[in-house]
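In the working numbering, the protein residues as written are 11 to 284. Comments concern the structure below.
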(Lines of atoms letter the chains of each structure in order from A and count residues from 1; the text may use other names and numbers.)
(Lines give C-alpha, C1' and ligand atoms only; values in the text may rest on other atoms or scores of the structure.)
Protein backbone atom coordinates (compact mmCIF):
# COMPACT_ATOMS: atom_id res chain seq x y z
CA UNK A 1 0.00 0.00 0.00
CA UNK A 2 1.20 3.52 -0.78
CA UNK A 3 2.46 5.46 2.23
CA UNK A 4 2.39 8.88 0.60
CA UNK A 5 1.91 10.78 3.84
CA UNK A 6 4.21 8.73 6.07
CA UNK A 7 7.32 10.81 5.32
CA UNK A 8 5.57 13.60 7.25
CA UNK A 9 4.93 11.52 10.37
CA UNK A 10 8.43 11.65 11.86
CA UNK A 11 8.79 15.45 11.72
CA UNK A 12 5.21 15.75 12.94
CA UNK A 13 5.86 13.56 15.98
CA UNK A 14 9.13 15.38 16.63
CA UNK A 15 7.22 18.66 16.57
CA UNK A 16 4.72 17.23 19.04
CA UNK A 17 7.51 16.13 21.40
CA UNK A 18 9.19 19.52 21.22
CA UNK A 19 5.86 21.26 21.78
CA UNK A 20 5.17 19.24 24.92
CA UNK A 21 8.65 19.91 26.35
CA UNK A 22 8.53 23.64 25.65
CA UNK A 23 5.03 24.25 26.96
CA UNK A 24 4.93 21.68 29.75
CA UNK A 25 1.18 21.51 29.29
CA UNK A 26 -1.30 18.67 29.33
CA UNK A 27 -4.85 18.67 28.01
CA UNK A 28 -7.61 19.35 30.52
CA UNK A 29 -10.06 16.63 31.48
CA UNK A 30 -13.70 16.83 30.35
CA UNK A 31 -16.06 17.56 33.23
CA UNK A 32 -18.56 14.79 32.57
CA UNK A 33 -16.22 11.85 33.22
CA UNK A 34 -13.32 11.65 35.69
CA UNK A 35 -10.10 11.83 33.68
CA UNK A 36 -6.46 11.60 34.58
CA UNK A 37 -4.00 13.97 32.93
CA UNK A 38 -3.01 12.79 29.45
CA UNK A 39 -0.44 13.93 26.92
CA UNK A 40 -1.10 17.11 25.00
CA UNK A 41 -2.88 16.67 21.68
CA UNK A 42 -0.97 16.98 18.43
CA UNK A 43 -0.59 20.71 17.62
CA UNK A 44 -3.00 21.61 14.84
CA UNK A 45 -0.46 23.83 13.13
CA UNK A 46 1.91 20.89 12.73
CA UNK A 47 -0.86 18.82 11.19
CA UNK A 48 -1.87 21.59 8.79
CA UNK A 49 1.71 22.08 7.66
CA UNK A 50 2.13 18.37 6.91
CA UNK A 51 -0.77 15.94 7.04
CA UNK A 52 -3.58 18.26 5.89
CA UNK A 53 -1.63 20.53 3.57
CA UNK A 54 -3.46 19.27 0.45
CA UNK A 55 -6.89 19.96 1.99
CA UNK A 56 -6.44 23.51 3.25
CA UNK A 57 -8.49 26.19 1.53
CA UNK A 58 -10.92 23.73 -0.05
CA UNK A 59 -14.66 23.26 0.53
CA UNK A 60 -17.50 20.99 -0.57
CA UNK A 61 -16.78 17.97 -2.74
CA UNK A 62 -13.25 19.24 -3.44
CA UNK A 63 -12.45 19.18 0.28
CA UNK A 64 -14.10 15.78 0.69
CA UNK A 65 -12.04 14.37 -2.17
CA UNK A 66 -8.79 15.78 -0.79
CA UNK A 67 -9.49 14.35 2.67
CA UNK A 68 -10.42 10.98 1.16
CA UNK A 69 -7.02 10.80 -0.53
CA UNK A 70 -5.24 11.76 2.69
CA UNK A 71 -6.99 9.43 5.12
CA UNK A 72 -7.12 6.46 2.72
CA UNK A 73 -3.38 6.12 3.22
CA UNK A 74 -3.58 3.82 6.24
CA UNK A 75 -2.54 0.54 7.79
CA UNK A 76 -5.27 -2.05 8.40
CA UNK A 77 -6.06 -4.39 11.29
CA UNK A 78 -7.68 -7.78 11.51
CA UNK A 79 -10.87 -8.04 13.52
CA UNK A 80 -8.96 -9.97 16.19
CA UNK A 81 -6.37 -7.19 16.47
CA UNK A 82 -9.18 -4.71 17.13
CA UNK A 83 -9.60 -6.10 20.67
CA UNK A 84 -6.10 -5.04 21.68
CA UNK A 85 -6.24 -1.75 19.79
CA UNK A 86 -9.40 -0.65 21.61
CA UNK A 87 -7.72 -1.36 24.93
CA UNK A 88 -5.26 1.40 24.01
CA UNK A 89 -7.48 3.86 22.16
CA UNK A 90 -10.26 3.87 24.77
CA UNK A 91 -8.18 3.42 27.91
CA UNK A 92 -9.60 5.10 30.99
CA UNK A 93 -7.01 7.79 31.84
CA UNK A 94 -7.95 7.41 35.51
CA UNK A 95 -7.35 3.64 35.47
CA UNK A 96 -4.99 2.12 32.92
CA UNK A 97 -6.49 -1.34 33.53
CA UNK A 98 -9.88 -0.21 32.20
CA UNK A 99 -11.60 1.13 29.08
CA UNK A 100 -14.44 3.66 28.90
CA UNK A 101 -17.57 2.23 27.28
CA UNK A 102 -18.99 4.48 24.59
CA UNK A 103 -22.70 4.62 25.37
CA UNK A 104 -22.85 3.85 29.08
CA UNK A 105 -19.71 5.80 30.00
CA UNK A 106 -18.82 3.03 32.43
CA UNK A 107 -15.19 2.23 33.21
CA UNK A 108 -14.79 -1.50 32.61
CA UNK A 109 -11.74 -3.80 33.01
CA UNK A 110 -9.92 -4.32 29.72
CA UNK A 111 -9.88 -8.05 30.42
CA UNK A 112 -13.69 -8.18 30.67
CA UNK A 113 -14.28 -8.27 26.93
CA UNK A 114 -16.51 -10.89 25.33
CA UNK A 115 -20.15 -11.71 24.77
CA UNK A 116 -21.53 -11.82 28.32
CA UNK A 117 -24.38 -9.58 29.43
CA UNK A 118 -22.19 -7.18 31.45
CA UNK A 119 -19.02 -7.49 29.38
CA UNK A 120 -17.86 -5.16 26.62
CA UNK A 121 -17.61 -5.88 22.92
CA UNK A 122 -16.74 -4.10 19.67
CA UNK A 123 -19.42 -1.66 18.57
CA UNK A 124 -19.51 -0.65 14.91
CA UNK A 125 -20.76 2.93 15.16
CA UNK A 126 -21.44 2.82 11.42
CA UNK A 127 -23.52 -0.35 11.66
CA UNK A 128 -21.81 -3.01 9.57
CA UNK A 129 -25.08 -4.07 7.94
CA UNK A 130 -25.39 -0.59 6.38
CA UNK A 131 -23.39 -1.49 3.31
CA UNK A 132 -22.93 -5.15 4.25
CA UNK A 133 -19.20 -4.85 5.00
CA UNK A 134 -19.32 -7.15 8.03
CA UNK A 135 -16.00 -7.56 9.85
CA UNK A 136 -13.86 -7.68 6.73
CA UNK A 137 -10.55 -5.83 6.89
CA UNK A 138 -11.41 -2.30 5.83
CA UNK A 139 -14.55 -0.61 7.17
CA UNK A 140 -15.28 -3.65 9.31
CA UNK A 141 -12.04 -3.24 11.26
CA UNK A 142 -11.50 0.52 11.04
CA UNK A 143 -10.98 1.56 14.65
CA UNK A 144 -11.91 5.16 13.95
CA UNK A 145 -15.53 3.97 14.26
CA UNK A 146 -15.10 0.89 16.46
CA UNK A 147 -15.58 1.51 20.19
CA UNK A 148 -15.92 -0.59 23.35
CA UNK A 149 -19.59 -0.85 24.35
CA UNK A 150 -21.60 -2.69 26.94
CA UNK A 151 -22.86 -5.88 25.28
CA UNK A 152 -26.48 -5.31 26.27
CA UNK A 153 -26.51 -1.65 25.22
CA UNK A 154 -24.80 -2.55 21.94
CA UNK A 155 -27.60 -5.04 21.32
CA UNK A 156 -30.22 -2.34 21.96
CA UNK A 157 -28.53 -0.03 19.48
CA UNK A 158 -28.27 -2.86 16.93
CA UNK A 159 -28.09 -1.38 13.43
CA UNK A 160 -30.41 1.56 14.09
CA UNK A 161 -29.77 4.95 12.56
CA UNK A 162 -29.06 7.94 14.79
CA UNK A 163 -31.75 10.47 15.72
CA UNK A 164 -33.15 12.30 18.73
CA UNK A 165 -35.86 10.79 20.92
CA UNK A 166 -37.25 7.55 22.25
CA UNK A 167 -37.25 5.88 25.66
CA UNK A 168 -34.23 5.84 27.94
CA UNK A 169 -32.05 2.76 27.56
CA UNK A 170 -31.92 0.53 30.64
CA UNK A 171 -28.45 0.51 32.19
CA UNK A 172 -27.27 3.46 30.09
CA UNK A 173 -28.78 6.72 31.40
CA UNK A 174 -28.89 9.52 28.85
CA UNK A 175 -29.21 7.18 25.87
CA UNK A 176 -32.58 6.87 24.15
CA UNK A 177 -34.02 4.54 21.54
CA UNK A 178 -37.19 3.79 19.62
CA UNK A 179 -38.07 1.36 16.86
CA UNK A 180 -35.84 2.92 14.21
CA UNK A 181 -33.21 5.12 15.87
CA UNK A 182 -30.75 5.53 18.72
CA UNK A 183 -29.67 8.67 20.57
CA UNK A 184 -26.37 8.45 22.50
CA UNK A 185 -25.66 10.33 25.72
CA UNK A 186 -24.78 14.02 25.37
CA UNK A 187 -21.08 13.52 26.20
CA UNK A 188 -20.47 11.41 23.07
CA UNK A 189 -23.00 12.80 20.59
CA UNK A 190 -20.27 14.67 18.74
CA UNK A 191 -17.97 11.65 18.85
CA UNK A 192 -20.65 9.56 17.14
CA UNK A 193 -21.28 12.21 14.50
CA UNK A 194 -17.60 12.63 13.66
CA UNK A 195 -17.07 8.86 13.43
CA UNK A 196 -19.97 8.54 10.99
CA UNK A 197 -18.72 11.41 8.84
CA UNK A 198 -15.17 10.01 8.87
CA UNK A 199 -16.55 6.77 7.42
CA UNK A 200 -18.40 8.70 4.71
CA UNK A 201 -15.16 10.36 3.60
CA UNK A 202 -12.90 7.34 3.98
CA UNK A 203 -15.08 4.82 2.09
CA UNK A 204 -16.13 6.25 -1.26
CA UNK A 205 -16.66 3.05 -3.25
CA UNK A 206 -13.28 3.17 -4.98
CA UNK A 207 -12.17 -0.08 -3.36
CA UNK A 208 -14.02 -3.37 -2.84
CA UNK A 209 -16.46 -1.79 -0.37
CA UNK A 210 -19.63 0.23 -0.78
CA UNK A 211 -19.74 4.02 -1.04
CA UNK A 212 -20.84 4.97 2.48
CA UNK A 213 -22.89 8.17 2.68
CA UNK A 214 -25.02 9.79 5.40
CA UNK A 215 -28.55 10.88 4.55
CA UNK A 216 -31.39 12.58 6.40
CA UNK A 217 -33.58 9.57 7.06
CA UNK A 218 -33.82 6.54 9.31
CA UNK A 219 -34.67 2.90 8.54
CA UNK A 220 -31.89 2.70 5.96
CA UNK A 221 -31.68 -1.07 6.32
CA UNK A 222 -28.82 -2.64 4.39
CA UNK A 223 -28.29 0.38 2.13
CA UNK A 224 -24.83 1.97 2.54
CA UNK A 225 -26.38 4.97 4.29
CA UNK A 226 -26.91 6.20 7.85
CA UNK A 227 -28.97 9.09 9.15
CA UNK A 228 -29.98 11.54 10.18
CA UNK A 229 -27.37 13.87 8.70
CA UNK A 230 -29.03 17.03 10.02
CA UNK A 231 -29.03 15.59 13.56
CA UNK A 232 -25.42 14.41 13.27
CA UNK A 233 -24.33 17.88 12.18
CA UNK A 234 -26.12 19.42 15.15
CA UNK A 235 -24.52 16.89 17.53
CA UNK A 236 -21.06 17.70 16.19
CA UNK A 237 -21.61 21.38 17.02
CA UNK A 238 -23.19 20.72 20.42
CA UNK A 239 -20.42 18.35 21.56
CA UNK A 240 -17.03 19.51 20.21
CA UNK A 241 -13.96 17.24 20.43
CA UNK A 242 -12.75 16.75 23.99
CA UNK A 243 -9.48 15.52 25.45
CA UNK A 244 -10.46 11.85 25.28
CA UNK A 245 -11.48 12.04 21.62
CA UNK A 246 -8.36 13.97 20.62
CA UNK A 247 -6.08 11.52 22.41
CA UNK A 248 -7.88 8.64 20.72
CA UNK A 249 -7.25 10.20 17.31
CA UNK A 250 -3.55 10.59 18.13
CA UNK A 251 -3.19 6.98 19.34
CA UNK A 252 -4.80 5.62 16.15
CA UNK A 253 -2.53 7.81 14.04
CA UNK A 254 0.69 7.14 15.94
CA UNK A 255 0.33 3.45 16.80
CA UNK A 256 -2.22 1.69 14.62
CA UNK A 257 -3.75 2.90 11.35
CA UNK A 258 -1.52 5.96 10.77
CA UNK A 259 -4.48 7.98 9.53
CA UNK A 260 -6.66 10.52 11.30
CA UNK A 261 -10.28 11.52 11.68
CA UNK A 262 -10.15 15.00 10.12
CA UNK A 263 -13.35 16.11 11.85
CA UNK A 264 -11.72 15.70 15.27
CA UNK A 265 -8.88 18.00 14.15
CA UNK A 266 -11.07 20.35 12.09
CA UNK A 267 -14.72 20.08 13.25
CA UNK A 268 -15.57 23.10 11.06
CA UNK A 269 -15.02 20.86 8.02
CA UNK A 270 -18.35 19.16 8.77
CA UNK A 271 -20.26 22.23 7.60
CA UNK A 272 -17.70 22.90 4.88
CA UNK A 273 -18.60 19.57 3.24
CA UNK A 274 -22.25 18.99 4.16
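Positions of the beta carbon are idealized from the N, C-alpha and C atoms, including for glycine.
{"Asked": "Can you tell me whether residue 265 is buried or exposed? The criterion is at least 16 other CB atoms within 10 Å of its CB, across all chains shown.", "Found": "exposed"}
{"Asked": "Select from 120, 252, 143, 280 the residue whose C-alpha is nearest the C-alpha of residue 95.", "Found": "120"}
{"Asked": "Nearest CA to the CA of residue 154: which residue from 116, 117, 100?", "Found": "100"}
{"Asked": "Does the beta-carbon distance from residue 280 to residue 207 come in below 8 angstroms?", "Found": "yes"}
{"Asked": "Does the Cβ of residue 196 have 16 or more other Cβ atoms within 10 Å, making it buried, or fewer, making it exposed?", "Found": "exposed"}
{"Asked": "For residue 145, collect the residues of the same chain with a Cβ closer than 8 angstroms to its Cβ; drop the 5 residues on either side in sequence, then sort them by chain order.", "Found": "89, 138, 151"}
{"Asked": "Work out the CA separation of residue 238 and residue 173 for me, nearest whole Å.", "Found": "6 angstroms"}
{"Asked": "In angstroms, rounded to a whole number, what distance separates the CA positions of residue 274 and residue 54?", "Found": "11 angstroms"}
{"Asked": "Looking at the secondary structure, which residues open and close the alpha helix (DSSP H) in which residue 166 lies?", "Found": "161–167"}
{"Asked": "By the three-class DSSP mapping on this structure, what secondary structure does residue 119 have?", "Found": "strand"}
{"Asked": "From residue 9 to residue 251, what distance separates their C-alpha atoms?", "Found": "The question about residue 9 has no answer here: the residues shown for the chain are numbered 11 through 284."}
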